[in-house]
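> Residue numbers (the numbering used here), protein chains in the order written: chain B, 1192 to 1521; chain R, 120 to 270. Note that the Cβ used here is the ideal one computed from N, Cα and C, for glycine as well. None of the values given here were measured: they were computed from a predicted structure. Sharing a structure, written as structure tokens. Questions coming.
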Amino acid sequence: MKYVWLFQIATVAAAGAAFYFFLFSIPAVLFFIVVVAVNSILFKSIFSELKVTRESCSAETADKSKKIEEFDKITRQLVKRELEVAHANQKLGELDAAKSDFISVAAHQLRTPLTGIKWSYTALLDKTTGPLNVDQKEIAEKGLSAINQSIDLINDLLNVAHLEEGNLDFVFKKQSLIPIIKKAVNGIDLITEEKKIKVTSKIPNETDFPELTLDGDKIALAIANLLDNAVKYTPIGGRIDFSVSQDQGLIIISVQDSGIGIPKSQKGRLFSKFFRADNATKVQTSGTGLGLFMVKNIIDRHGGKIIVESEEGKGTTFIVTLPEITAKKS
Amino acid sequence: MHYLTIIRQTARIKSILSVKQIQMEQNQTATKTILIVEDDTFMASLLERKFKQSNFQIFRAASVDEARDIIKANPINLILQDIILPGTDGIAFLKELKQSPEFKHIPVIITSNLGQQDEIDRGLAEGASDYIVKAHTTPGEIVDKVTNILN
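Rendered as structure tokens:
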């Protein structure tokens, strides 16, 4: 019985405990439920926020990586383009060198047989093989003159090719212009005598004239070309007036002839490559139309100017001006 | 009078002898030896002809190999040489000569139809005494140049 009592007490205690537990657990459970609910809501919003942030972050990252990819692509394209340009430049350089080599080899190959012919005529003319009769001498002289023309043509073509490539070497040196001019003027003596052309030349004394910084060979070539033209296009018995003077820091070289002149309509093209005026081709079949092109280039390189005054049938005057100061500077 | 005549005669003979001696010396100095290195036999023969007219002794070589053999076996006063030659080219031979203690004193004149400024500059930079573009000159002018250089 005593155990029933104990059982009763235990049951009551358990019931009491259950009661207390129950009594206190409802709010606890409720609290728990509320806490869980609030937490879940809170967590949910935090999670959703985090999710949004994460999503936006990943979108941004994707955006950025896309941009980086694009940037990489452009960089790769640029590098590729740069390589292409470098390659093209190299090719151009090779082509340029090949062109230059070709010109050099072509000139060599053309000159070699011409030298053989030139030296043969020279050997005949200097009587290495015995005296010549008048006809033989004339033939040999004509042959030699034709060969020299061909050699000059090759040189003109070479010079023009170099001028166009921009690598005709100019060697500027301080020197007197006068001996160069005198040599060029003396160079036409034979032909002017033959054509009975009267030549007057006003050249100042070397001592009275300033030294200029110039490329002597090129200036000689330019002056010789102007004088050659004057002789070529001036009829028998005509005249050539040549003068060199100095005025207000300018050196003025003038070549005036009483030749066929230049048609007004063609004056503008006179310094173009390969151009020959209509009346010029009628008088002289030989000629390349390169002379004046070269002359202008040479004068330009010296900082000078060339002008032409002409009347068809009456004559032509070429006036070259070289600036004393610019020439000294270059 | 007799003595005077003898003295005069002796003086005359002496002066004649001295003139002859000078002439002989001149002839000796004129006999210079030139080596022409040129593969174009026709041009080489025209040059040789012209040089011989001016009392030069001429050796001819059509290649650098032949030229080497000639300079080793003969005293040469001056070399006239082309650039484009079969085998070794003229510029390489010029370098070789100028580096050789035995031959560097021999003046070398380049005669070539390569006439671009850079080619001329290169030849002169390698030690050539002169550079002649064949098409722009004649054998007579080459002989004059050689004579000037040797004098």
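Ignore the nearest five residues each way along the sequence and tell me which others in residue 1362/B's own chain have a CB closer than 6 angstroms to its CB.
Within the same chain, residue 1362/B has close Cβ partners 1406.
> Determine which residues of the segment 158-179 of chain R have a Cβ less than 9 angstroms from any Cβ of chain B, and write them out in chain order.
Hits within the stretch, in order: 159, 161, 162, 165, 166, 168, 169 and 172.
> In angstroms, rounded to a whole number, what distance separates the CA positions of residue 219/R and residue 1374/B?
The alpha-carbon atoms of residue 219/R and residue 1374/B are separated by roughly 41 angstroms.
> Under DSSP, the alpha helix (DSSP H) around residue 175/R begins and ends at which residues?
Note, residue 175/R: premise wrong, no alpha helix (DSSP H); not H, not E.
> Can you name the residues of chain D whose CB is closer than 9 angstroms to the CB of residue 1305/B?
Reference to chain D is not applicable here, since the protein chains of this structure are B and R.
> Any residues in the segment 210-240 of chain R with a beta carbon nearer than 9 angstroms to a beta carbon of chain B? Which ones, in chain order?
From the segment 210-240 of chain R, only 231, 232, 233, 234, 235, 236, 237, 238 and 240 have a Cβ closer than 9 angstroms to chain B.
> For residue 245/R, does the three-state DSSP call read helix, strand or coil?
Here residue 245/R sits in coil by DSSP.
> What I want to know is whether the C-beta of residue 211/R ends up closer than 6 angstroms to one or more non-hydrogen atoms of the ligand MG.
Annotation note on the ligand MG: not contained in the displayed structure, which lists no ligands.
> Grab me the residues of residue 171/R's own chain with a C-beta within less than 7 angstroms of its C-beta, minus the 5 sequence neighbours each way, in chain order.
Only 177 meet the Cβ criterion.
> Could you list which residues in chain B have their beta carbon closer than 8 angstroms to that of residue 153/R, in chain order?
Within 8 angstroms Cβ-Cβ: nothing; residue 153/R doesn't reach chain B, min ~17 angstroms.
> Going by other Cβ atoms of all chains shown within 10 Å of its Cβ, with 16 needed for buried, is residue 145/R buried or exposed?
Note that residue 145/R has pLDDT 49, beneath the 50 cutoff, so the model's placement of it is unreliable and no number is given.
> Taking Cβ-Cβ distances below 7 angstroms as the criterion, which residues of the segment 1330-1356 of chain B are in contact with chain R?
Per Cβ criterion, the list reads 1342.
> Taking the straight line between their C-alpha atoms, what separation do you get for residue 186/R and residue 1395/B?
Roughly 51 angstroms separates the two Cα atoms.
> Can you tell me which of 194/R, 226/R, 153/R and 242/R puts its alpha carbon nearest to the alpha carbon of residue 169/R?
With distances taken between Cα atoms, residue 169/R lies closest to 153/R.
> Note down, in chain order, every chain B residue with its Cβ under 8 angstroms from the Cβ of residue 259/R.
Here the neighbours are 1313 and 1317.
> Give, in chain order, every residue of the segment 1286-1300 of chain B whose Cβ lies closer than 7 angstroms to some Cβ of chain R.
Answer in chain order: 1295, 1298 and 1299.
> With 8 angstroms as the C-beta to C-beta threshold (strictly closer), list the residues of the segment 192-212 of chain R near chain B in chain order.
Those residues of the segment 192-212 of chain R that come within reach of chain B (Cβ to Cβ, closer than 8 angstroms) are 203.
> Helix, strand or coil for residue 1450/B? Go by DSSP, reduced to three states.
It is coil, neither helix nor strand.
> According to DSSP, what are the bridge partners of residue 1502/B?
Paired residues: 1506/B.
> How about residue 251/R: is its C-beta nearer than 7 angstroms to some C-beta of chain B?
Chain B, which has no Cβ nearer than 7 angstroms to the Cβ of residue 251/R, makes this no.
> Residue 1444/B to residue 1474/B, Cα distance in whole Å?
When rounded, the distance between both Cα atoms is 26 angstroms.
> Run through DSSP, which three-state label would residue 252/R get?
Looking at residue 252/R - three-state DSSP - the assignment turns out to be strand.
> List the residues of chain R whose Cβ lies closer than 8 angstroms to the Cβ of residue 1360/B, in chain order.
Per Cβ cutoff of 8 angstroms: 236 and 237.
> Mind listing which residues of the segment 1489-1517 of chain B have their C-beta closer than 8 angstroms to chain R's C-betas, in chain order?
Going along the segment 1489-1517 of chain B in chain order, one finds no residue with a Cβ nearer than 8 angstroms to chain R.
> Can you round the beta-carbon distance between residue 1416/B and residue 1486/B to whole angstroms, since I take them to be within the 8 angstroms contact cut?
Contact holds; Cβ gap of about 5 angstroms.
> Residues bridged to residue 152/R by DSSP?
176/R.
> Should residue 147/R go down as buried or exposed, given a rule of 16 or more other Cβ atoms within 10 Å for buried?
Note that residue 147/R has pLDDT 48, beneath the 50 cutoff, so the model's placement of it is unreliable and the number below is only indicative. With fewer than 16 other Cβ atoms within 10 Å, it is exposed.
> In chain R, which residues lie less than 9 angstroms from residue 1364/B when you measure between Cβ atoms?
Residues of chain R passing the Cβ test: none, with the nearest at roughly 14 angstroms.
> Less than 7 angstroms between the C-beta atoms of residue 1479/B and residue 1347/B, yes or no?
Going by C-beta atoms, residue 1479/B is nearer than 7 angstroms to residue 1347/B.
> Would you list the residues sitting across from residue 1391/B in a DSSP beta bridge?
DSSP output for residue 1391/B lists 1432/B as bridge partner(s).
> Hey, is residue 1302/B's beta-carbon within less than 7 angstroms of any beta-carbon in chain R?
Yes, its Cβ sits closer than 7 angstroms to a Cβ of chain R.
> What is the residue span of the beta strand (DSSP E) that residue 1404/B lies within?
Where residue 1404/B is concerned, the enclosing beta strand (DSSP E) stretches over 1403-1405.
> Are the Cβ atoms of residue 1503/B and residue 1426/B separated by less than 7 angstroms?
No, the Cβ-Cβ distance between residue 1503/B and residue 1426/B is not below 7 angstroms.
> Less than 7 angstroms between CB atoms is the rule here; does residue 181/R satisfy it with respect to chain B?
With 7 angstroms as the cut-off, residue 181/R does not count as an interface residue toward chain B.
> Quick one: what does DSSP say residue 258/R is sitting in, helix, strand or coil?
Note: residue 258/R maps to helix in three-state DSSP.
> Compute the Euclidean distance between the alpha carbons of residue 256/R and residue 1272/B, then round it to the nearest angstrom.
Cα to Cα, the separation comes out at about 52 angstroms.
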